Structure formats: structure tokens, C-alpha cells
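In our numbering, each number is its position in the sequence shown, counted from 1, plus 17.
See below for the structure under consideration.
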Amino acid sequence: MSKEVVLSGIRPTGFLHLGNYFGAMRNYVRMQNDYECYFFVADWHSLTTHPDTKTLQQSVLRVVAENIACGLDPEKAAFYVQSSVPEISELYLYLNMLAYKGELEKTTTFKDKVRLQPENVNAGLLTYPVLQAADILIHRAVKVPVGKDQEQHLEMARNFAERFNYRYGNVFPSPQAFNYGSELVKVMSLDGNGKMSKSENQMATLYLADTDEDIRKKIMKAKTDSGPTEPNSIKPDYIQNLFTLMGLVSNADTVAHFEQQFNQCTVRYGDMKKQLAEDMVQFIAPIREKAAALQNDTKQLKAIIEHGAAKARVSAQQTLQLVRDAVGVNYL
Ligand code: ADP
Ligand code: TRP
Numbered sequence: 018m019s020k021e022v023v024l025s026g027i028r029p030t031g032f033l034h035l036g037n038y039f040g041a042m043r044n045y046v047r048m049q050n051d052y053e054c055y056f057f058v059a060d061w062h063s064l065t066t067h068p069d070t071k072t073l074q075q076s077v078l079r080v081v082a083e084n085i086a087c088g089l090d091p092e093k094a095a096f097y098v099q100s101s102v103p104e105i106s107e108l109y110l111y112l113n114m115l116a117y118k119g120e121l122e123k124t125t126t127f128k129d130k131v132r133l134q135p136e137n138v139n140a141g142l143l144t145y146p147v148l149q150a151a152d153i154l155i156h157r158a159v160k161v162p163v164g165k166d167q168e169q170h171l172e173m174a175r176n177f178a179e180r181f182n183y184r185y186g187n188v189f190p191s192p193q194a195f196n197y198g199s200e201l202v203k204v205m206s207l208d209g210n211g212k213m214s215k216s217e218n219q220m221a222t223l224y225l226a227d228t229d230e231d232i233r234k235k236i237m238k239a240k241t242d243s244g245p246t247e248p249n250s251i252k253p254d255y256i257q258n259l260f261t262l263m264g265l266v267s268n269a270d271t272v273a274h275f276e277q278q279f280n281q282c283t284v285r286y287g288d289m290k291k292q293l294a295e296d297m298v299q300f301i302a303p304i305r306e307k308a309a310a311l312q313n314d315t316k317q318l319k320a321i322i323e324h325g326a327a328k329a330r331v332s333a334q335q336t337l338q339l340v341r342d343a344v345g346v347n348y349l
């Protein structure tokens, strides 16, 4: 039986952080053994918000190096850059005819971007979810490992796929957001305001490139309060987030110890943060060091993405042939 197809992408818009790791990359590394995997760097998507391309090439190579440092194996998964697979742009064109202005304008990420960059509300920004759907559907992927922030984009991809199938015939399966465990992950920012992200509030985001000192400083500054006053209280978001982070990088006994202290109102957040900072350093340092070493080897990084693009284009061309036949733009 052929393996299910998996696809996911990350924009090269800055340093990768813990949200990227736990929402996306951790799943890539686990999935590459069991599925036919396609992972890519979404450089076209980054143009919707980052029109200046002076540092693009460097950012793309850093994202590649950081993914490999996290365990992505380019022999197991096809790992490529979006713009090296031009078939995606043709599929994007067909899907654009099936996407309506009203629904695109209602997309949460579009509304956020309009607020953030009112001087550059370009059509690429509006059709961002269509390009994302093309990324996924070009390999007829069914599982898409992403964080919770991508749920709406996945729902839109399913809608475009269904509309295509209904109008032209059955070509696409229905892609679903995926995480091991039942829920999609959202890593909050350390100040308790929104999610960790590449470009916003850098002191509240833990990057995979942070030094040990950065990590300790950021965690010690994370928002807390004077502690619970009643046993077994519900945790405020920002406290829950510290426990979540601890659950991700510390061992189970450590988490259980602080959970118990919280429930008995004896928790000292200073001690908890010290422990979390040390466990986080243990977790991030090896990734940072491996990525730094790889980043200097531009030749190897370029060989990796060339190899990945060749694999991805085989699959993309097969899908595009089916698409052209279905749409009826095949005149040979
Ligand atoms: P960013 O939002 O930091 O710019 P991307 O948009 O390139 O990062 O996202 C790449 C992947 O990382 C996506 O699968 C996204 O869902 C995931 N991701 C980003 N931020 C978080 C977060 N704070 N928590 C969980 N997953 C996240
Ligand atoms: N929009 C995604 C993000 O911001 C990045 C992305 C582009 C993506 N194309 C994709 C994710 C296809 C999954 C599948 O995180």
C-alpha cells in the first residue's frame, strides 16, 4: 500500500522559535519515518509581507539548517524551497478562480496583516490561503503538520479542493491539520500576549538560535504573579504556558513536582523558572550548535534543497497533469 502524503511549510521571515518547533518541526521529524513527506520553505509567501529580498537567501538557508539541526532528514523527506517548484504557481492560478473575494477578505490572517501593514495590502496577501492550498494540493497531501494558528487556512484548502473536485472531477483528497496527540499546539509568548512568533516581541519569544544567557534571561522575565491562594485553582494563561513549556522540555517528575506545589499553593515561581531555564538550555543548546555549524556549509545546504526540489517536482508534475486534464487545458 502506498504511504499517506504529508506536507508542511515554514516562511523564511526570521529566526525559528519554540512555537515553530512544537507546532510544526517536531511533527516533521516524527512523520518522516512513516509517511511520504514533503517539507518546504515558503519563500513566495514571505514576499507578501517582506518585499525587501536582500536577506531572503540567507534566511532561507538558515531555515533549512535549523530544520536539519532539529532532525529533519533530507533523504527521508523531500525538503525544498517553494520557488523551485514552479508547478505550484500554475495550480495557484486555477485555484484562484475558485476562491471568492469575500471569503478571502474574511480570513483572520488577512485582517491581521491589513492592520499591521496598511500601506501594502497587496493581492498576494489576499490570496495567501490560495497559494497555501496549492502548496498542499500539488502533492495531494492528506496530513498537514501545523500549529493551531493554521486551522483556518486548512479549512480553506479543503474548500478549494472540494470546489475543484465538484467542478472538474475528483483529483484532490481532503487535507487535515495534524499533530501527534489530539490537539493542535499553540505556544504562547512569555509575556502572556498572544503566540510566540518570528517577528513580534523578541524578548518574549525563545528562538532556537538563542544563547544560554538569552534563554535564562527571557525565562526569568516571563510573566507570573504572586501565586494561587486557593488549593487546586485554575491556572491563568501565562502560568499555564510555563507549565506547558515545562511539559515540553523537562522530565515528567519535574512537572509533577511543580504541579503539586501549585495545587498546594506552595509554588515559588522563581524556583520554577530557574528549573525551566536550565531544562530549556539543555534542549536548545544542541540544536543551536548543530544549526550554526551547518549554516557555514552553504554548498551542502544548496545540495539538500536541489535534491528536494527534484523529488518534489516529480510529484508536482503528476498532479498538474491530472489537473490540466480535468480542467480541459490539455491540447496534446
Ligand atoms: P511565524 O508565525 O512564527 O512567522 P510561520 O508562520 O512560518 O511562523 O509558521 C511555521 C509553522 O510554525 C506553522 O506550522 C505554524 O502553525 C507553527 N507555529 C508558529 N508559531 C507557533 C506557535 N506560537 N505555537 C505553535 N505553532 C506555531
Ligand atoms: N502559512 C503557513 C504559516 O504561516 C506557512 C505555509 C505556507 C504552510 N504554505 C503552507 C503551512 C502549506 C502548511 C502547508 O505558518
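We put the beta carbon where it would ideally sit given N, CA and C, even for glycine.
Since the model is a prediction, treat every value here as computed from it, not as a measurement.
- [ ] To the nearest angstrom, report how far apart residue 217 and residue 138 are at their CA atoms.
- [x] 19 Å
Open item on the list: Tell me whether residue 272, by its Cβ, gets closer than 8 Å to a heavy atom of the ligand MG.
Closed with: By its list of ligands, the structure shown excludes the ligand MG, since it contains just the ligand ADP and the ligand TRP.
Task: Whole-Å CB distance - residue 161 paired with residue 24, under 8 Å assumed - done: 6 Å
- [ ] Look up residue 98 in the DSSP assignment and give the residues it is bridged to.
- [x] Note: residue 98 sits in a beta bridge opposite 58.
Open item on the list: Starting from residue 316, trace the alpha helix (DSSP H) in both directions and tell me its first and last residue.
Closed with: Note, residue 316: alpha helix (DSSP H), 315 to 344.
- [ ] Starting from the C-beta of residue 152, find all residues in its chain whose C-beta is less than 8 Å away, skip the five residues before and the five after it, and write them out in chain order.
- [x] Within the same chain, residue 152 has close Cβ partners 24, 26, 57, 59, 99, 105.
Open item on the list: Quick check on residue 162: does DSSP put it in helix, strand or coil?
Closed with: strand
Open item on the list: Can you tell me whether residue 195 is helix, strand or coil according to DSSP?
Closed with: strand
Open item on the list: Assuming residue 201 is part of the alpha helix (DSSP H), what are its boundary residues?
Closed with: Counting along the chain, residue 201 falls outside any alpha helix (DSSP H), and DSSP gives it neither H nor E.
Task: Simplified DSSP state of residue 145, which is helix, strand or coil - done: helix
Open item on the list: Within 8 Å, do at least three Cβ pairs link the segment 217 to 231 to the segment 298 to 311?
Closed with: yes
- [ ] List the whole-angstrom C-beta distance separating residue 262 from residue 181, where the pair is believed to meet the contact cut-off of C-beta under 8 Å.
- [x] Actually they are not in contact, since the Cβ atoms of residue 262 and residue 181 sit about 41 Å apart, beyond 8 Å.
Open item on the list: Checking 9 Å against the spacing of the C-beta atoms, do residue 52 and residue 83 come in under that value?
Closed with: no
TODO: Please state if the CB of residue 259 and the CB of residue 289 are separated by a distance shorter than 9 Å.
DONE: yes
TODO: Give a single yes or no on whether residue 257 has its beta carbon closer than 8 Å to a heavy atom of the ligand ADP.
DONE: no
Open item on the list: Helix, strand or coil, according to DSSP, for residue 224 in the structure here?
Closed with: strand
Task: residue 63 and residue 322 closer than 9 Å at C-beta - done: no
TODO: Specify, as a first and last residue, the run of the alpha helix (DSSP H) that residue 243 falls within.
DONE: Neither: residue 243 is in no alpha helix (DSSP H) and is coded neither H nor E.
Open item on the list: For a test of your reading of the model: does the CB of residue 28 fall under 8 Å from any non-hydrogen atom of the ligand TRP? Yes or no.
Closed with: yes
Open item on the list: To the nearest angstrom, how far is the alpha carbon of residue 241 from that of residue 199?
Closed with: 28 Å
Task: Where the beta strand (DSSP E) containing residue 155 begins and where it ends - done: Element bounds for residue 155: n/a, residue is neither H nor E.
Open item on the list: Could you check if residue 131 belongs to the surroundings of the ligand TRP, using beta carbon to heavy atom distance under 8 Å?
Closed with: no
Open item on the list: Considering only heavy atoms of the ligand ADP, does any lie closer than 8 Å to the CB of residue 218?
Closed with: False, no ligand heavy atom lies under 8 Å from that Cβ.
TODO: Output the boundary residues of the beta strand (DSSP E) element that contains residue 88.
DONE: Run containing residue 88: none; DSSP gives neither H nor E here.
Task: Coil, strand or helix - residue 67 by DSSP - done: coil
TODO: Specify, as a first and last residue, the run of the beta strand (DSSP E) that residue 26 falls within.
DONE: 22 to 27
TODO: Could you pull the start and end residues of the alpha helix (DSSP H) that residue 258 belongs to?
DONE: 254 to 266
Open item on the list: Classify residue 256: buried if its beta carbon has 16 or more other beta carbons within 10 angstroms, exposed otherwise.
Closed with: buried
TODO: Confirm the yes/no value for this check: CB of residue 164, any heavy atom of the ligand TRP, distance under 8 Å.
DONE: yes
Task: residue 281 classed as buried or exposed, judged by whether at least 16 other C-beta atoms fall within 10 angstroms - done: With fewer than 16 other Cβ atoms inside 10 Å of its own Cβ, residue 281 counts as exposed.
- [ ] Tell me, please, which residues DSSP counts as bridged to residue 212.
- [x] Note: residue 212 is bridge-paired with 205 in the DSSP secondary-structure output.
Task: 8 Å contact criterion, which residue 150 and residue 167 should meet: CB distance rounded - done: Contact doesn't hold; Cβ gap of about 12 Å is too wide.
Task: Among 147, 78, 134, nearest to residue 313 - alpha-carbon criterion - done: 78
TODO: Please go through the same chain and pick out, in chain order, the residues whose beta-carbon is closer than 6 Å to the beta-carbon of residue 204, but skip the five residues on each side of it.
DONE: 35, 36, 39, 213
Task: Three-state secondary structure (DSSP) of residue 217 - done: coil
Task: Own chain partners of residue 215 with C-beta closer than 7 Å, once the 5 adjacent residues on each side are dropped - done: 30, 31, 32, 34
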